[in-house]
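For the protein sequence lines, the chains are A and B, in the order given. Just so you know, we're using my numbering here: the first sequence kicks off at 2 and counts up by one. Just so you know, we're using my numbering here: the second sequence kicks off at 36 and counts up by one. Structure record follows, encoded as structure tokens.
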Amino acid sequence: MRVRLIYSPDVVEKPILAEVISKTGLLINILEAKVNAQKGELVVSIPSSGEKLEEAIAIFRRAGVKVEEIKETLKIDREKCTSCGACISPCPTQALQLGSDWTLKYEEEKCVACGTCVNACPFGALTLLEGSEG
Amino acid sequence: MNKEVRRIRSVKEINEKIKRGDAVVLTAEEMIKLAESSGVKAAAKEVDVVTTGTFGAMCSSGVFLNFGHSDPPIKMTKCWLNDVPVYKGLAAVDGYLGAAALSETRGFEYGGGHVIEDLVSGKEIELRAESYGTDCYPRRHVETTITIDDLNQAVLVNPRNCYQRYDAATNSSDRILYTYMGTLLPNYGNVTFTGAGQLNPLCKDWNYETIGIGTRIFLGGGVGYVIGEGTQHNPQSGFGTLMVRGDLKRMNSRYLRGASFYKYGVTLYVGIGIPIPIINERVAKTAALRDDQIIVEIRDYGVPSRPDRRPVIKRVTYADLRSGKVYINGREVPSSSLSSYKMAREIAEVLKKWILEGLFFLTEPVEPLPRKGRLKPLRVRRKEPTVRELMRREVVTAKPDEKVEEAARKLIVKGIDHLPVIAEDGKLVGIVTSWDLARAIAERRRILSEIMTRRVFTAREDETIDVVAWRMTQHNISGMPVVDEEKKVIGIITTNDISKRLVGGRSRL
Chain A
2 MRVRLIYSPD
12 VVEKPILAEV
22 ISKTGLLINI
32 LEAKVNAQKG
42 ELVVSIPSSG
52 EKLEEAIAIF
62 RRAGVKVEEI
72 KETLKIDREK
82 CTSCGACISP
92 CPTQALQLGS
102 DWTLKYEEEK
112 CVACGTCVNA
122 CPFGALTLLE
132 GSEG
Chain B
36 MNKEVRRIRS
46 VKEINEKIKR
56 GDAVVLTAEE
66 MIKLAESSGV
76 KAAAKEVDVV
86 TTGTFGAMCS
96 SGVFLNFGHS
106 DPPIKMTKCW
116 LNDVPVYKGL
126 AAVDGYLGAA
136 ALSETRGFEY
146 GGGHVIEDLV
156 SGKEIELRAE
166 SYGTDCYPRR
176 HVETTITIDD
186 LNQAVLVNPR
196 NCYQRYDAAT
206 NSSDRILYTY
216 MGTLLPNYGN
226 VTFTGAGQLN
236 PLCKDWNYET
246 IGIGTRIFLG
256 GGVGYVIGEG
266 TQHNPQSGFG
276 TLMVRGDLKR
286 MNSRYLRGAS
296 FYKYGVTLYV
306 GIGIPIPIIN
316 ERVAKTAALR
326 DDQIIVEIRD
336 YGVPSRPDRR
346 PVIKRVTYAD
356 LRSGKVYING
366 REVPSSSLSS
376 YKMAREIAEV
386 LKKWILEGLF
396 FLTEPVEPLP
406 RKGRLKPLRV
416 RRKEPTVREL
426 MRREVVTAKP
436 DEKVEEAARK
446 LIVKGIDHLP
456 VIAEDGKLVG
466 IVTSWDLARA
476 IAERRRILSE
486 IMTRRVFTAR
496 EDETIDVVAW
506 RMTQHNISGM
516 PVVDEEKKVI
526 GIITTNDISK
536 RLVGGRSRL
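Right, here's the structure in full:
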């Protein structure tokens with residue numbers, strides 16, 4: 002699951018992510034980080050589900066971090082998309098593929114919101130959704 | 036090719052069958068299946084027409100426009116549509132809008148290809164034109180809006196479309212490249228290719244036996260014609276091209292799409308479908324060619340040479356490329372297309388439908404396409420300065436474990452700004468500039484390897500100064516080590532060296 006972690010000024014300097022990793026043993030992957038003295042915002046991928054995931058989220062929340070699940074990262078404008086494939090091989094995580102009917106398919110779970118595909122699209126059909134820019 | 040093969044049917048006979056409604060028409064994909072199950076001989080007997088399709092970026096496209104005369108009239112010498120310049124070296128109100136022309140206000144975001152799409156969609160377009168004024172054309176300026184319906188003519192005339200096949204692209208360099216072949220990741224990170232392969236019109240009539248001047252085609256959703264071989268037609272290497280024309284007013288923006296290639300430019304995606312009359316078995320055989328029988332070379336765009344000089348990394352087929360991965364140096368590399376196979380299939384289907392419904396008849400070419408001819412490069416006869424002539428050969432270098440102070444001393448004593456860092460084996464591993472050293476001293480760093488830039492921009496001695504200067508500007512640097520093929524430093528070139536020579540006068544270079 003991918004979540005956005007929002008750190009308030011009071012907790013921005015605490016090693017909360019490290020605490021979650023050491024307590025849960027989960028290999029949490031940072032996809033994006035925007036941190037300054039006032040505020041911190043991380044987008045991370047937590048490779049887990051069920052209890053373990055809930056435990057991780059609970060630790061974040063106890064420490065004063067706001068946790069939001071990210072459901073959608075990339076928007077494909079199907080009117081503009083021609084399924085040409087220009088976005089496919091530049092994608093570092095193979096989140097974009099052609100289906101058996103040669104239509105562009107997108108796997109949300111694989112996307113790390115890096116934005117490479119957005120530039121690669123000749124038709125401006127791809128946009129990263131608000132707040133998920135890499 | 037000279038060997039006569041028995042004619043099975045003529046175009047005239049096919050057209051009579053279309054009229055009667057009993058012509059057998061297959062798409063190229065269906066033809067492949069039939070030839071596989073029944074053999075080419077039987078397929079040739081059964082099938083009258085095979086339809087093809089392709090939908091890809093075709094930069095050599097554009098539209099002839101006639102705007103009509105205003106009152107008072109103007110002899111337009113400069114003209115823009117939505118701020119995209121229109122070629123005005125024609126009569127007063129004739130112009131040619133090229134697909135690759137960039138908007139003067141929006142850059143890579145919008146261009147000729149987009150204007151063409153917007154015209155076909157019926158959108159309003161800003162027209163602006165200037166002139167010097169004459170006795171017969173007194174007006175010197177005009178600004179208005181137009182739609183495609185206001186134009187007397189809008190004729191798509193594309194000097195080069197529909198490549199028979201096209202080399203694929205990869206990138207050996209350590210930097211991401213943005214090219215007309217799309218985004219190429221560093222270190223052979225991906226492969227991009229273009230062309231519809233087994234659906235591609237010129238692949239399906241490999242010997243140009245049925246496609247020629249006068250061939251009626253599907254063009255941009257309307258009807259068009261082949262008006263000759265395209266520019267850069269290179270039949271002897273299997274890179275034939277077509278020049279086509281069609282009435283833009285009857286086209287459909289689904290099959291004509293403006294496109295932008297990031298940091299490269301704008302273009303037009305054009306949909307073309309050509310019917311192949313199965314006049315003999317040889318044509319049937321090429322119409323049944325499969326992706327795995329069409330060879331494509333993967334070339335290295337990391338080497339900034341002209342297209343046919345870029346090193347061939349591997350020979351593969353369209354089937355390999357379309358599988359989504361190819362192997363380079365034993366490593367799996369993702370591959371993807373730039374042209375839409377989905378749209379190519381759709382076009383072959385639409386054309387098939389038109390023929391079956393008796394809306395589209397085939398034509399016999401007035402003249403065949405040339406089967407001979409090769410591509411010539413542009414020979415640059417004026418001598419251009421190269422790195423070899425301007426580089427300094429005595430290069431002061433340092434070792435990675437050298438102390439910062441020592442390196443700083445070297446720069447001061449020699450009066451230089453760039454210090455390439457060389458490993459034991461003589462290979463370039465980094466670079467340090469006077470700015471890096473100043474910062475290192477301020478930050479109390481000690482060893483060069485801690486502070487050096489490891490991803491070094493380099494030049495080769497046979498590169499032109501023009502190319503090298505562009506690279507330095509692009510990356511905002513003032514000097515580059517010159518390296519040989521083994522990454523050993525053989526010289527250094529700086530903006531200082533270049534500007535000194537330029538001050539001396541271009542004629543001396």
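A virtual CB, placed ideally from N, CA and C, is assigned to each residue, including glycine. Owing to the predicted nature of the structure, the values given are computational and were not obtained by experimental measurement.
(request) Go to residue 221 (chain B), then tell me how far its beta strand (DSSP E) extends in each direction, as first and last residue. (result) Segment: none, residue 221 (chain B) is in no beta strand (DSSP E) and carries neither H nor E.
(request) Note down, in chain order, each residue of its chain lying with its Cβ closer than 7 Å to the Cβ of residue 519 (chain B), except the 5 sequence neighbours on either side. (result) 525
(message) Please list, in chain order, the chain A residues whose beta carbon lies closer than 9 Å to that of residue 304 (chain B).
(response) 83, 85, 123 and 124
(message) Under DSSP, the alpha helix (DSSP H) around residue 25 (chain A) begins and ends at which residues?
(response) Membership of residue 25 (chain A) in the alpha helix (DSSP H) is indicated by the continuous run 17-25.
(request) Determine the contact status of residue 400 (chain B) and residue 249 (chain B), defining contact as a CB-CB distance below 9 Å. (result) yes
(message) Suppose you measure from the CA of residue 147 (chain B) to the CA of residue 457 (chain B); what does that come to, to the nearest Å?
(response) C-alpha separation (whole angstroms): 49 Å.
(request) Could you tell me which of B:442, B:295, B:496 and B:84 sits nearest to residue 483 (chain B), measuring between CA atoms? (result) Minimum Cα-Cα distance from residue 483 (chain B) among the listed residues B:442, B:295, B:496 and B:84 corresponds to B:442.
(request) Leaving out five residues on either side along the sequence, give the residues of the same chain with a beta carbon under 7 Å from the beta carbon of residue 572 (chain B). (result) Coverage of chain B is limited to positions 36 through 544, which leaves residue 572 (chain B) absent and any answer about it impossible.
(message) I'd like the span of the alpha helix (DSSP H) that includes residue 78 (chain B), first residue to last.
(response) 75-81
(message) Going by DSSP, what residue range makes up the alpha helix (DSSP H) through residue 203 (chain B)?
(response) Looking at the DSSP string, residue 203 (chain B) is not in any alpha helix (DSSP H); the run it does join, the beta strand (DSSP E), is 203-205.
(request) Kindly list the residues whose CB is nearer than 7 Å to the CB of residue 179 (chain B), restricted to its own chain and excluding five residues on each side of it in sequence; keep chain order. (result) 162
(request) Compute the distance between the beta-carbons of residue 20 (chain B) and residue 46 (chain B), then report whether it is under 9 Å. (result) The requested residue 20 (chain B) does not occur in the structure, where chain B is confined to residues 36 to 544.
(request) With DSSP collapsed to three states, give me the class of residue 135 (chain A). (result) Only weak support is given to the placement of residue 135 (chain A): the predicted model assigns it a pLDDT of 42, under 50, and the value that follows is read from those uncertain coordinates. Reduced to three states, the DSSP call for residue 135 (chain A) is coil.
(message) Quick check on residue 150 (chain B) - is its C-beta less than 9 Å from some C-beta in chain A?
(response) no
(message) Contact defined as beta carbons within less than 8 Å: I believe residue 214 (chain B) pairs with residue 204 (chain B). What is the distance between those atoms, to the nearest angstrom?
(response) 7 Å
(message) Looking at chain B, is there any beta carbon in it that lies within less than 9 Å of the beta carbon of residue 134 (chain A)?
(response) Legend: pLDDT at residue 134 (chain A) = 47, less than 50; position of this residue unreliable, no value from coordinates given.
(message) Counting only Cβ pairs nearer than 7 Å, list the residues of chain B close to residue 90 (chain A).
(response) 225, 226, 227, 369, 370 and 371
(request) Go ahead and pull the three-state DSSP assignment for residue 79 (chain A). (result) Residue 79 (chain A): coil per DSSP, three-state reduction.
(request) For residue 104 (chain A), go through chain B and note every residue whose CB falls closer than 7 Å to its CB, in chain order. (result) 377
(request) Under 8 Å Cβ to Cβ from residue 29 (chain A), same chain only, skipping five residues before and after it: list those, please. (result) 18, 21, 22, 45, 46, 47, 48 and 57
(request) At 9 Å on the CB atoms, spell out the chain B contacts of residue 117 (chain A), in chain order. (result) 211, 218 and 220
(request) Report yes or no: is there a C-beta of chain E within less than 9 Å of the C-beta of residue 97 (chain B)? (result) This model lacks chain E altogether; the protein chains it does include are A and B.
(request) Could you tell me the boundaries of the beta strand (DSSP E) in which residue 192 (chain B) lies? (result) Note, residue 192 (chain B): beta strand (DSSP E), 188-196.
(message) To the nearest angstrom, how far is the alpha carbon of residue 82 (chain B) from that of residue 51 (chain B)?
(response) 14 Å
(message) Could you check whether the region 298-318 of chain B touches the region 75-95 of chain B, counting it as contact only if at least three pairs of C-beta atoms, one from each stretch, sit closer than 8 Å?
(response) yes
(request) Throw me the rounded Cβ distance for the residue 99 (chain A) and residue 86 (chain A) pair, which I believe falls under 8 Å. (result) 6 Å
(message) Among the candidates B:476, B:491 and B:448, whose CA atom is the shortest distance from the CA of residue 462 (chain B)?
(response) B:491
(request) Please report the residue range of the beta strand (DSSP E) in which residue 527 (chain B) lies. (result) Counting along the chain, the beta strand (DSSP E) containing residue 527 (chain B) begins and ends at 524-529.
(request) Grab me the residues of residue 64 (chain A)'s own chain with a C-beta within less than 8 Å of its C-beta, minus the 5 sequence neighbours each way, in chain order. (result) 12, 15, 17 and 20
(message) Output needed for residue 325 (chain B): all residues of its chain with C-beta closer than 6 Å, excluding positions within five of it in sequence on either side, in chain order.
(response) 67 and 233
(message) Would the region 95-109 of chain B count as touching the region 119-136 of chain B if we require 3 or more Cβ pairs under 8 Å?
(response) yes
(message) List, in chain order, every chain A residue whose beta-carbon is nearer than 7 Å to that of residue 292 (chain B).
(response) 83 and 124
(request) Leaving out five residues on either side along the sequence, give the residues of the same chain with a beta carbon under 8 Å from the beta carbon of residue 36 (chain A). (result) 8, 13, 42 and 43.
(request) Decide yes or no for the touch test of the region 277-295 of chain B against the region 99-114 of chain A: beta carbon pairs closer than 8 Å, at least 3 of them. (result) no
(message) To the nearest angstrom, how far is the alpha carbon of residue 84 (chain A) from that of residue 210 (chain B)?
(response) 26 Å
(request) Buried or exposed for residue 229 (chain B), please, with buried defined as at least 16 other CB atoms from any protein chain shown within 10 angstroms of its CB. (result) buried
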